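Take a look at the structure below.
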Amino acid sequence: MSEVAATAEAETPVYRAGWIHYTNVAPILDPLRLPPGVTAITGVPTRMNAALLAGEVDIANISAVEFIRHADVLQALPDFSVAVLGPVYSVNLFHTRPLEDLRRVALTAQSAMSVALLEVLLRERGLSPVLERAEGPAEEVLAAGYDGVLRIGNNALQEWYGVVGPLTPETTMTTLPHTGRGRGGADITVTDLAEEWFRLTGHPFTFAVWAYRKDNPPPAALVQAMRAARRAGLGHLARVSAHHAGLLGLPERVVQHYLWNFRYHLEAPDRLGLHEFAAKAVPGHAPLTFGPRPGQESGQEGVVGP
Ligand SMILES: C=C(O[C@@H]1C=C(C(=O)O)C=C[C@H]1O)C(=O)O
1 MSEVAATAEA ETPVYRAGWI HYTNVAPILD PLRLPPGVTA ITGVPTRMNA
51 ALLAGEVDIA NISAVEFIRH ADVLQALPDF SVAVLGPVYS VNLFHTRPLE
101 DLRRVALTAQ SAMSVALLEV LLRERGLSPV LERAEGPAEE VLAAGYDGVL
151 RIGNNALQEW YGVVGPLTPE TTMTTLPHTG RGRGGADITV TDLAEEWFRL
201 TGHPFTFAVW AYRKDNPPPA ALVQAMRAAR RAGLGHLARV SAHHAGLLGL
251 PERVVQHYLW NFRYHLEAPD RLGLHEFAAK AVPGHAPLTF GPRPGQESGQ
301 EGVVGP
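Counting in full-length UniProt numbering, the sequence shown runs from 1 upward without gaps.
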């Protein structure tokens with residue numbers, strides 16, 4: 001490498017992104033072309049939360065609860081979310097006894113958000129089962145002596161479908177039951193935590209936001225590339241769904257319904273849900289701040305209420 005090129009390279013600041021690579025982010029991530037000077041790594045939510053807080057990456061889609069807990073140092077993009085209004089299909093409590101009778105629930109170390117949401121939902125019902133970390137397929141963990149298992153992401157979607165599926169020509173995702181037989185024959189109920197949140201509040205639930213340290217916002221080119229990718233991904237959702245249905249071993253229409261059901265734009269209802277969750281889960285948190293809205297990038301940062 002010539003001396004000139006080496007100097008130029010040393011002077012080009014690298015901005016490091018971290019992506020949770022669950023299927024629900026595919027409509028944004030699959031078409032994304034990183035602009036020059038941006039690198040990316042991927043991982044599960046708790047890994048990305050830790051990487052952002054440790055300064056290993058500069059921006060990441062993280063569990064919204066971690067954004068809330070660290071709202072003093074973090075800011076979020078104003079128009080990106082992983083949110084749903086009603087069921088999400090991939091944040092599930094698998095259980096063999098009614099919620100009121102749960103004694104021992106297994107959590108996953110992959111997720112901060114769903115654990116915080118489960119704690120809120122249990123508290124609202126006055127329930128206090130023992131919560132422990134235990135990994136593995138839900139059915140196996142249930143057989144090992146737990147009466148509830150919390151799972152998220154691709155595995156939770158696959159296991160949900162394994163219990164309540166298959167779809168027939170007459171049924172849709174929304175008409176599938178909540179209870180079914182596991183492969184081992186046990187009767188399993190699947191409680192969708194986002195649906196429970198909707199029953200409780202009537203609001204969307206925002207699982208993830210794209211956060212960065214307030215003093216280190218992303219280059220405009222990266223945000224623009226993310227917006228362009230999202231337009232492309234949502235515009236070709238059938239193609240994205242078909243690809244991921246193949247990877248997940250699920251019917252295309254299941255994955256297509258799963259993906260179109262997400263709210264990726266952090267709109268006013270998603271912010272309402274986010275603020276409501278923040279008040280319940282992290283009382284006394286610092287004000288949530290968001291970067292400038294599209295088209296106002298040169299303006300001041302805004303403190304945005306619900
Ligand atoms: C809906 C989901 O949302 C994800 C769940 C997260 C968590 O539980 O901490 C974090 C980011 C989200 O993208 C899912 O993966 O199933």
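Even for Gly, the Cβ is constructed at its ideal location relative to N, Cα and C.
It should be emphasised that the depicted structure is a prediction, and the values quoted were computed from it without experimental measurement.
Just so you know, the alpha carbons of L107 and V163 end up roughly 19 Å apart.
R253 and S241 have their alpha carbons spaced roughly 8 Å apart.
For the 9 Å CB-CB criterion, V130 and A138 do not form a contact. Placement of the Cβ of Q158 at a distance of 8 Å or more from every heavy atom of ligand 1 is found. Nearest neighbour of I41 by Cα position, chosen from L117, N61 and N24, turns out to be N61. Pairwise C-beta distances place the stretch 112–127 out of contact with the stretch 167–183, as fewer than three of them are shorter than 8 Å. The DSSP assignment places complete beta strand (DSSP E) segments of no fewer than 3 residues inside the stretch 73–111 at 74–84, 91–95 and 104–107, in order along the chain. Closest by C-alpha distance to R213, out of P36, R33, L53 and H21, is L53.
F207 sits close to A64, with the two beta carbons spaced by under 9 Å. The C-alpha of L29 lies about 17 Å from the C-alpha of L266.
For ligand 1, no non-hydrogen atom lies closer than 8 Å to the CB of G18.
With three or more CB-CB distances shorter than 8 Å, the stretch 18–37 counts as touching the stretch 217–225. CA-CA distance, T39 to L93, rounds to 35 Å. In the structure shown, E170 adopts coil according to DSSP, grouped into three states. Rounded to the nearest angstrom, the gap between the Cα atoms of A186 and L250 is 22 Å.
Each of T46, I59 and L85 was checked against the Cα of E195, and the nearest Cα belongs to L85. N49 and V25 have their C-alpha atoms spaced approximately 16 Å apart.
Secondary structure in the stretch 248–294: the alpha helix (DSSP H) runs of 4 residues or longer, each lying completely within the stretch, are 252–260 and 268–281 in chain order. Placement of the Cβ of A51 at a distance of 8 Å or more from every heavy atom of ligand 1 is found. Remark: the shortest separation between the CB of Y22 and any heavy atom of ligand 1 falls under 8 Å.
In this structure, T23 lies away from H285, with their beta-carbon atoms at least 9 Å apart. Bounds of the beta strand (DSSP E) holding N61 are I59 to S63. Around G43, the same chain offers no residue with a beta carbon nearer than 6 Å, after the five sequence neighbours per side are excluded. Here DSSP, grouped into helix, strand and coil, assigns V149 to strand. Residue state for L122 is assigned as helix, using DSSP reduced to three classes. Residue burial annotation: R103 is exposed, with fewer than 16 other C-beta atoms found within 10 angstroms of its C-beta.
Secondary structure note for T42: its beta strand (DSSP E) is the uninterrupted segment V38 to G43.
Residue burial is scored here from C-beta neighbours: D101 has fewer than 16 other C-beta atoms within 10 angstroms and is therefore classed as exposed.
Secondary structure at A229: helix, using DSSP grouped into helix, strand and coil. Taking C-alpha positions only, E56 is separated from R16 by approximately 8 Å.
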